[in-house]
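Notes for the one structure printed next.
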Amino acid sequence: MVKVIALLLAQLLTAPIVSESVEIGGSGDVDLVTFECRDINRSTVLQRVCYDPAQRQLIVARGGVYERYCGVPAPTVEGLMGASSMGQFFNRNIRRQASGDRYACAAPRRT
Numbered sequence: 074m075v076k077v078i079a080l081l082l083a084q085l086l087t088a089p090i091v092s093e094s095v096e097i098g099g100s101g102d103v104d105l106v107t108f109e110c111r112d113i114n115r116s117t118v119l120q121r122v123c124y125d126p127a128q129r130q131l132i133v134a135r136g137g138v139y140e141r142y143c144g145v146p147a148p149t150v151e152g153l154m155g156a157s158s159m160g161q162f163f164n165r166n167i168r169r170q171a172s173g174d175r176y177a178c179a180a181p182r183r184t
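The opening residue of the sequence shown carries number 74 in our numbering; numbering runs sequentially from there.
What follows is the structure, given as C-alpha cells:
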C-alpha cells in the first residue's frame, strides 16, 4: 500500500503543469496562468469569473462566451464577487453597455 501511494505521489509531482487558455470572442486566446478563476453557480448571468490583479484584467463567461475587460480595479471585482446579485452588479458596473469604453482592452498589435 505504501509503495502504491509513493508511486502515485511521484507521478503527480512529475506530471507536467498544463496551463488553461480560453478563447475571447474576436481577440484570440488568453492564457489563464496568471488569473485566479472561480466557477460561479449562484448567478444566471455569469458562469465563471477570472481576475488577474497585477494586470487588472477581468475575464467573465456569459452564456458560454468569454469576454475580457481591462483596467478593472480590484475593489470592483470584490464588489462583483460579494454582490447579492452578481448579474445586476455586472450589468450596471462592468458590462460594456454600462461602462462604455472604460474597461475596453487595446487591440493586439499585428506585425
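We treat Cβ as the ideally placed atom computed from N, Cα and C, and that holds for glycine.
Nothing here was measured: the structure is a model prediction, and the numbers come from that model.
Item, Value
"Pick out whichever of Ser-158, Tyr-142, Gln-120 and Ala-156 has its Cα sitting closest to the Cα of Pro-126.", "Tyr-142"
"Cβ atoms of Gln-128 and Thr-107: under 8 Å apart, would you say?", "yes"
"Curious, which full-length beta strand (DSSP E) runs of at least 3 residues does the region 122-156 contain?", "130-135 and 138-143"
"Identify which residue in Tyr-176, Met-154, Val-103 and Thr-117 has its Cα closest to the Cα of Tyr-139.", "Val-103"
"Just to confirm, are Pro-105 and Ser-92 a CB contact at a threshold of 8 Å?", "First, the amino acid is wrong: residue 105 is Leu here, not Pro. Result yes, Cβ atoms of Leu-105 and Ser-92 sit closer than 8 Å."
"To the nearest angstrom, how far is it from the Cα of Arg-165 to the Cα of Gly-173?", "11 Å"
"Which word fits Gln-130, buried or exposed, when buried means at least 16 other C-beta atoms lie within 10 angstroms of its C-beta?", "buried"
"Tell me the DSSP bridge mates of Cys-178?", "Its beta-bridge partners do not exist; DSSP assigns none."
"Cutting at 7 Å between CB atoms, please list the residues of its own chain near Ala-147, excluding the five before and the five after it.", "Pro-126"
"Could you pull the start and end residues of the alpha helix (DSSP H) that Glu-160 belongs to?", "Checking the sequence shown, residue 160 turns out to be Gly, not Glu. From DSSP, the alpha helix (DSSP H) with Gly-160 extends over 159-166."
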